[in-house]
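Using this note's numbering, you'd call the opening residue of the sequence shown number 925 and step up by one each time. Where is the CB? At the ideal position from N, CA and C, for every residue including glycine.
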Amino acid sequence: MRRLLYAVLLVSTAAIAYEILLMRMLSIVQWHHFAWMVISLALLGYGASGTAIAVGRRWLEPRFEEAFAASAFLFSVTMVVCWVLAQRVPFNALEVVWERRQLLLLGGMYLLFMVPFFFAAACIGLVFTFRGGMAGRVYLFDLLGAGAGALLVIAQLFAVRPSQALVLQSALALCAASIGPRRPAQRLVALTWAAALVAALPTGLLEPRLSEFKSLSRTLQIVDSRVVVERSSPLGLVTVVQSPRVPFRHAPGLSIATQHLPPEQLAVFRDGDGMSVISRWNGNAAPPAYLGDMTSALPYHLLNSPRVLVLGAGTGSDVLQALYHSASTVDAVELDPQMTRLARKPYADFSGGLFDRPEVRLHIGEARGFAARSRGRYDLVQIGLLDSFAVSGSGVQALNENYLYTVEAMREYLRLLEPGGVLAVTRWLKIPPRDSLKLVNTIARALRANGVAEPGARLAVIRGWNTVTLLVKNGPMDDSDIVAVKDFASRRSFDTVYYPSMPPDRANRYNRLDSPWFHEGVQALLGPGAREFERRYKFNIQAATDERPYFFNFFRWPVFFEALALRGRGGAALVEWGYLVPAATLVQAVLAGFLLILLPLLLARRRWPGGMGRRAGGYFFLLGLAFLFVEIAFIQKFTLFLSHPLYAVAVVLAGFLVFAGAGSGLSGLLAQKAAVMGRSPVHIAVAGIVVISLAYVLFLPSLFAAWIGFTDVARAGLSLLLIAPLALFMGMPFPLGLKQLAGKGPAFIPWAWGINGFASIISAALATLLAIEFGFTAVLLLALVFYVGAALLAPRL
């Protein structure tokens, strides 16, 4: 039995590691928000496996060890084969809105990626079904393995490329397959597969193939362009491209009236998108003059030799701009050390040793964490463009939790300003106006929260042909500030969008639009009718908050149906299609879950006491919804605290799975204590879940604010400690229910497995949509309602 438990451990480790790895690889191939599709399809595989075991129970029982070994082997094979096949599906996420075929291709990818998880779950389900007496220990090893896999894959991604990590997960599953009878033919097949894995690595067959619509793919179509450096980590795949024949001229917001060209540049991409550049500079002469003709240069015309904080330094363009304007000191903050290392090594000479200059201090860390722990004060806090125009305009970021642009973040940045200091934010220009108006709305709310009665007295906004720059002063704008804004804009043919007491005829002079939409929108948001304007506007421009940090989500269903009706005339281009991915995933999950899980179960012969099916089915269905609702809410909430979505997924999953596994192991002890007290153990467990969750709702924001400045390792450890008590109780209801079924209706156990899986695949996408619409707290409170509902059904199992 011990070997069986170790095999379960290996399969679970490989499964969760593969799930997180798939998120990372799909972020490279497509975009970040496909992560939630991965969670859903993984759970579909788990649910479908329960159904398959229920239908084939009689045939499988006498062949248990062979079936386990075969499932583990097929898990090892399919995680590689399905990845290779899925990369050949011609799916284009940008066409989802107007080409129905893309939804079918998305469904095909969904089902293809589900297959490995089906075989992984079959291993666990077989043990639960045919070794039900050891359910508690199996659940413990299952969750311990899954938690270990979540942390293991992050460590692997620091050491090896994603394709190599894929081979390592496949090897883990192959080791688990050794639990079965070791016949010569099986050994030969296993050795052949192991050799094939090793042989595939140098061929590039397993390497992620970027979407042809990503910026890197298009850039590499330029004549003579080539990749010169490529580095990988959990934070992203960083690629440096050189284009000697068609030089890069990347200068977002550059004036059409400029007389200065950017120097030679190297393009840098993260996960194939979000292009930034390293500009050639010898470090001795003055920095390139084009840096003074961008909209982002505006704040330097209100300040003299400022102390500057650059949030999101990247490869150093904003730092170079600060040096051009004679900044006395520059604190540069960057999350991904790979980006800044490029400007130090191997391109220190190319960049003029930008980050090693005495007036520049480099800080590796997340912007919010740095701001929280900083005790310094600055004349200028600058947030530059951290994404590409293509990414911003396509809607791919709609599901990205972005804590850089929330009300709470703006309040934190404003706290860092000296009296008279300036916060400057530059965004891409979109027509019709969206994120520029959402930014104004967010900052206005932050100022009001700080006690500023008239936010408009502190703001100035200008726009060029492709960027908008917004200034917030720590104090009212005076006449000299307004003169500086007007003079800077007119000399460079930029349009003034807003400054205090600006007459309407000053707007829309150079980069002319059909109407001064930007000026009118900002005026409306700063006026008495702001709430009504926000409500009636075609796009979602509500202020982003830490509770709903989806700054780039502008989606509104009424506009979607209007745009869909006009898609033949270009209306589909106005849809933020990224929001539609979880919506489409939810529909696919319901259909696939019904066809692969519920329908076969409904057609199968049932052998359990009358009435048990409804009660037990409802119990395990509610548990599936509740567990994933809590997990998804915590992943999204901990993204702020842990600095990156992948870190949040790994740490939160590891915490919940490991400690839920420990809770499973303790569930038998709880049942004994509850019997002595004459109480239901499920009721006790659910009461613990409710009390701890409500405490977290009240205290987590304060704890995060107090601890966000700690190191990455410290924050990961604190996250696990915070998750532990809640996860312990959450790990108990499922094995307690299985234990009751093992005694009263063992034939229902595969059904319980399948129904729980069906609920889980729905909840992954549903929880994401609900979090976007109503916030994390609403998702967590709804999960508690589900847990209470399950507790009411428990005594009648």
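Problem set entry | Separation of residue 977 from residue 1668, as counted between CA atoms | 19 Å
Problem set entry | Where residue 1597 falls, given that 16 or more other Cβ within 10 Å makes a residue buried | exposed
Problem set entry | residue 1662 beta carbon less than 9 Å from that of residue 1679 | no
Exercise. Which runs of the alpha helix (DSSP H) fall wholly inside the region 1559-1620 and span at least 4 residues, in chain order?
Worked result: 1569-1601
For this session: Would you kindly report the start and end of the unbroken beta strand (DSSP E) that includes residue 1713?
Result: First-last for residue 1713: 1700-1717, but that is the alpha helix (DSSP H), not the beta strand (DSSP E).
For this session: Please report how far the alpha carbon of residue 1313 lies from the alpha carbon of residue 1352, in whole angstroms.
Result: Note that residue 1313 has pLDDT 43, beneath the 50 cutoff, so the model's placement of it is unreliable and no number is given.
Exercise. What distance in whole Å lies between the Cβ atoms of residue 938 and residue 1093, which are believed to be in contact at a cut-off of 8 Å?
Worked result: About 5 Å separates the CB atoms of residue 1093 and residue 938; that is less than 8 Å, so the two are in contact.
Problem set entry | Meets three-Cβ-pair contact criterion under 8 Å: the region 1444-1456 and the region 1243-1254 | no
Exercise. Is it true that the CB of residue 1564 sits closer than 9 Å to the CB of residue 1074?
Worked result: no
For this session: Using DSSP bridges, identify the partner residues of residue 1386.
Result: The secondary-structure analysis by DSSP pairs residue 1386 across a beta bridge with 1393, 1420.
For this session: Reducing DSSP to helix, strand and coil, say where residue 1263 ends up.
Result: Residue state, collapsed to three classes: helix.
For this session: Output yes or no for whether 9 Å exceeds the beta carbon distance between residue 1239 and residue 1192.
Result: yes
Problem set entry | Nearest candidate by alpha-carbon position, reference residue 1511, set 1030, 1269, 983 | 1030
For this session: Rounded to whole angstroms, what's the CA-CA distance from residue 1158 to residue 1570? Just pull it up for me.
Result: Whole-angstrom Cα-Cα distance: 7 Å.
Exercise. When DSSP labels each residue in this structure, what does residue 1197 get in the three-state scheme?
Worked result: strand
Exercise. Excluding five sequence neighbours on each side, which residues of the same chain lie with their C-beta closer than 7 Å to the C-beta of residue 1343?
Worked result: 1398, 1399
For this session: Have a look at residue 1183 and residue 1214 and give me their C-alpha separation to the nearest angstrom.
Result: 8 Å
For this session: Compute the distance between the beta-carbons of residue 1350 and residue 1176, then report whether it is under 9 Å.
Result: In contact: residue 1350 and residue 1176 (Cβ atoms closer than 9 Å).
For this session: Give the DSSP-derived three-state secondary structure of residue 1461 in the structure shown.
Result: Correct three-state label for residue 1461: coil.
Exercise. If you draw a straight line from the C-alpha of residue 1588 to the C-alpha of residue 1383, how long is it?
Worked result: 55 Å
Exercise. Considering only the beta carbon of each residue, do residue 1234 and residue 1255 sit closer than 9 Å?
Worked result: Taking 9 Å as the cut-off, the beta carbon of residue 1234 is found closer than this to the beta carbon of residue 1255.
Exercise. Is residue 1329 helix, strand or coil by DSSP?
Worked result: coil
Exercise. Going by the CB atoms, is the gap between residue 1304 and residue 1391 shorter than 9 Å?
Worked result: no
Exercise. Of the choices 1514, 1027, 1328, whose alpha-carbon is the least far from that of residue 1471?
Worked result: The candidate whose alpha carbon is nearest that of residue 1471 is 1328.
Exercise. What's the C-alpha gap between residue 1581 and residue 1524?
Worked result: 29 Å
Exercise. Using 9 Å as the limit for Cβ to Cβ distance, is residue 971 near chain B?
Worked result: The question asks about chain B, but that chain is absent: this structure has only one protein chain.
Exercise. Is it true that the CB of residue 1003 sits closer than 9 Å to the CB of residue 1132?
Worked result: no
Exercise. Among all the DSSP beta bridges, which residues are the ones paired with residue 954?
Worked result: Answer by DSSP bridge pairing: none, since residue 954 is not bridged.
Exercise. Under 9 Å between the Cβ atoms of residue 969 and residue 1077?
Worked result: no
Exercise. So, is residue 1685 buried or exposed, given that buried needs 16 or more other C-beta atoms within 10 angstroms?
Worked result: buried
Exercise. In this structure, does DSSP put residue 1363 in helix, strand or coil?
Worked result: helix
Exercise. What number of angstroms, rounded off, separates the C-alpha of residue 1632 from the C-alpha of residue 1638?
Worked result: 10 Å
For this session: Grab me the residues of residue 997's own chain with a C-beta within less than 6 Å of its C-beta, minus the 5 sequence neighbours each way, in chain order.
Result: These residues qualify, in order along the chain: 1101.
Problem set entry | Three-state class that DSSP yields for residue 927 in the structure shown | When DSSP states are grouped into helix, strand and coil, residue 927 belongs to the helix group.
For this session: State buried or exposed for residue 1152, treating a residue as buried only when at least 16 other CB atoms are found within 10 Å of its CB.
Result: With a threshold of 16 other beta carbon atoms within 10 Å, residue 1152 falls short and is exposed.
For this session: Excluding the 5 residues preceding and the 5 following residue 1143 in the sequence, name in chain order all residues of the same chain whose CB lies nearer than 7 Å to its CB.
Result: 1149, 1165, 1191
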